[in-house]
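A.B. asks: Have a look at this one.
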Amino acid sequence: MSPQENVALITVYAANKYRGAWQSTLQNAEHSSLNVSLIKRDDSSNYRGQGYIYEVNAGKNLQTRYTLQGDGSGQKIFLYQGERYLGIATVEQIVRFLNKINCDAEISHLQKKVTIGGSSSSNASATDDSKNDAQTNKSDIPGDVGIFTVPANYRGVWYSNDSKMELMAHSMIVNGDKTQLHHQASNFSEKQRQSRDIQDKTMHIAAANMTNINGFSGIFIAGWCQSAGEKTVYALHQEKGQPVLLEIGTAGGLHDVMWRSPQLAKKYAHTKFTDLRKLGGIELN
């Protein structure tokens, strides 16, 4: 996730959650850029969190501010109007909240208006997970054409009956193992895939892109040097009025249905969903 998208996510969340000055800032951004200034806190500051105070304004300075603590989907964002504390939310909670009110288009539009001044733009990020070149987000790995950004509504922790997975801005954690997600060049050759040196360097990097499979749109993920064998697509869906993440094998078959809580995963562990029957796999067990 880019720093600009992070600012847009936080602004839209705060405007809808707390309204008031944050809502005015969001409305002002329709006719102005959305600027983020970094303020150094002094010893007498009562702001929670760590590091800088981030002040967001769009033409008029309404002292809409936030601070950060931690990282990943569990990172805490503290919201303020001036020095008045409004509340706290984690990245995961913000994403869940925004998913419920369907703000993707608004966030996409707003992030194009974000400008960040006073320090490195990465400092304004709520989930800055990339340590590569700031301009291209490429590494020196052969075939790498830049980091893959996981759509906001996919992010957070997902549970099956016997495992869990966390999707972050540019990475995923499955049962404790973290993998970075990058776009892969279409001309990444079979010879390069067979290189032991490249294989060793990419043990924790996967190729990712958006795709469609059997009528489901999702994130395609494969080992960086994988040429044969089944790959995986993670597709958003809904069951029982709840968001679910489908794990679909490219060779055919539904491998798992993941939920936003372990309680839901356990409750529906053996439920057969008729709308998933066409995928085969566990649905037919």
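As numbered in full-length UniProt numbering, residues 1 to 285 make up the sequence shown, in order. Backbone N, C-alpha and C fix where the C-beta goes; we use that ideal spot for every residue, glycine too.
What is the rounded straight-line gap between the Cα of residue 12 and the Cα of residue 194?
C.D. replies: Position 12 of the sequence shown holds residue 12. Position 194 of the sequence shown holds residue 194. Distance between the alpha carbons of residue 12 and residue 194 is about 46 Å.
A.B. asks: Would you mind working out which of 88, 3, 111 sits nearest residue 30, comparing C-alpha positions?
C.D. replies: Your numbering for residue 30 matches position 30 in the sequence shown. Looking at 88, 3, 111, the one whose alpha-carbon comes closest to that of residue 30 is 111.
A.B. asks: Whole beta strand (DSSP E) runs in the region 228–271 with 3 or more residues, listed along the chain?
C.D. replies: 232–239, 242–249, 254–258
A.B. asks: Identify the residues that DSSP records as bridge partners of residue 220: which are they?
C.D. replies: If you number the sequence shown from 1, residue 220 lands on position 220. When DSSP reads this structure, residue 220 sits in a beta bridge with 209, 233.
A.B. asks: So that I know if they touch, is there some Cβ in chain E lying closer than 8 Å to that of residue 235?
C.D. replies: Absent here is chain E; the protein component of the structure consists of one chain.
A.B. asks: Just the Cα atoms here: how many angstroms apart are residue 90 and residue 272?
C.D. replies: Along the sequence shown, one-based indexing puts residue 90 at 90. Along the sequence shown, one-based indexing puts residue 272 at 272. Cα-Cα distance, rounded: 33 Å.
A.B. asks: Give me the DSSP bridge partner(s) of residue 167.
C.D. replies: The count along the sequence shown starts at 1 and reaches residue 167 at position 167. BP columns for residue 167 point to 156, 172.
A.B. asks: Would you call the region 92–102 in contact with the region 151–163, where contact means no fewer than 3 C-beta pairs closer than 8 Å?
C.D. replies: yes
A.B. asks: At 4 residues or longer, what runs of the alpha helix (DSSP H) sit wholly inside the region 4–84?
C.D. replies: 20–28
A.B. asks: So what does DSSP say about residue 202, is it helix, strand or coil?
C.D. replies: Residue numbering aside, residue 202 sits at position 202 when the sequence shown is read from its first letter. Here residue 202 sits in coil by DSSP.
A.B. asks: Can you list, in chain order, the residues of its chain whose CB lies under 8 Å from that of residue 183, leaving out five sequence neighbours each side?
C.D. replies: Along the sequence shown, read from residue 1 onward, the residue named residue 183 stands at position 183. Take residue 183, set aside five residues on each side of it, and the residues of its chain with a beta-carbon closer than 8 Å to its own are 144, 145, 146, 147, 148, 207, 208, 209, in chain order.
A.B. asks: Run the CB neighbour count on residue 274, radius 10 Å, all protein chains shown included, and call it buried at 16 or more, exposed below.
C.D. replies: Indexing the sequence shown from 1 puts residue 274 at position 274. Counting Cβ neighbours within 10 Å, residue 274 comes out exposed, since fewer than 16 surround it.
A.B. asks: Which of the three DSSP states is assigned to residue 192 in this structure?
C.D. replies: Stepping through the sequence shown from its first residue, residue 192 is reached at position 192. Residue state, collapsed to three classes: helix.
A.B. asks: Return the chain-ordered list of same chain residues with a C-beta closer than 6 Å to the C-beta of residue 220, the five sequence neighbours on each side being excluded.
C.D. replies: By one-based count along the sequence shown, residue 220 stands at place 220. Only 209, 211, 233 meet the Cβ criterion.
A.B. asks: Is residue 14 closer than 8 Å to residue 79 when the C-beta atoms are compared?
C.D. replies: As a working note, residue 79 is residue 79 in the sequence shown. As a working note, residue 14 is residue 14 in the sequence shown. A contact, by the Cβ cut-off of 8 Å.
A.B. asks: Could you name the residues of the same chain whose beta carbon sits closer than 8 Å to that of residue 242, not counting the 5 residues immediately before and after it, in chain order?
C.D. replies: One-based indexing of the sequence shown puts residue 242 at position 242. Excluding positions up to five away in sequence, the list reads 259, 260, 264.
A.B. asks: Use the C-beta contact count for residue 6: other C-beta atoms within 10 angstroms, 16 or more gives buried, fewer gives exposed.
C.D. replies: Counting from one through the sequence shown, the residue named residue 6 turns up at place 6. So residue 6 counts as buried.
A.B. asks: In chain order, what residues of the same chain have a beta carbon less than 7 Å from the beta carbon of residue 70, not counting five sequence neighbours either side?
C.D. replies: Here residue 70 is taken as the residue at index 70 of the sequence shown, counted from 1. Correct list, in chain order: 76.
A.B. asks: Would you decide whether residue 256 is buried or exposed? Buried here means 16 or more other CB atoms lie within 10 Å of its CB.
C.D. replies: For the purposes of this step, residue 256 is taken as the residue at position 256 of the sequence shown. Burial call: buried.
A.B. asks: Residue 95 lies in the alpha helix (DSSP H); which residues open and close that run?
C.D. replies: To locate residue 95, count along the sequence shown from 1; it is residue 95. Note, residue 95: alpha helix (DSSP H), 91–101.
A.B. asks: Quick one, are the C-beta atoms of residue 53 and residue 64 less than 8 Å apart?
C.D. replies: Translated into positions along the sequence shown, residue 53 becomes position 53. Translated into positions along the sequence shown, residue 64 becomes position 64. At the C-beta level, residue 53 and residue 64 stay beyond 8 Å of one another.
A.B. asks: So which of 250, 23, 48 has the shortest CA-CA distance to residue 58?
C.D. replies: Counting from 1 along the sequence shown, the entry for residue 58 is found at position 58. Among 250, 23, 48, the Cα nearest to that of residue 58 is on 23.
A.B. asks: From residue 99 to residue 191, what does the alpha carbon distance come to, in whole angstroms?
C.D. replies: What you label residue 99 is simply residue 99 of the sequence shown in a count that begins at 1. What you label residue 191 is simply residue 191 of the sequence shown in a count that begins at 1. Their backbone Cα atoms lie some 42 Å apart in a straight line.
A.B. asks: Measuring straight from C-alpha to C-alpha, what distance separates residue 218 and residue 172?
C.D. replies: Counted from its first residue, the sequence shown places residue 218 at position 218. Counted from its first residue, the sequence shown places residue 172 at position 172. Near 15 Å, if we compare the C-alpha coordinates of residue 172 and residue 218.
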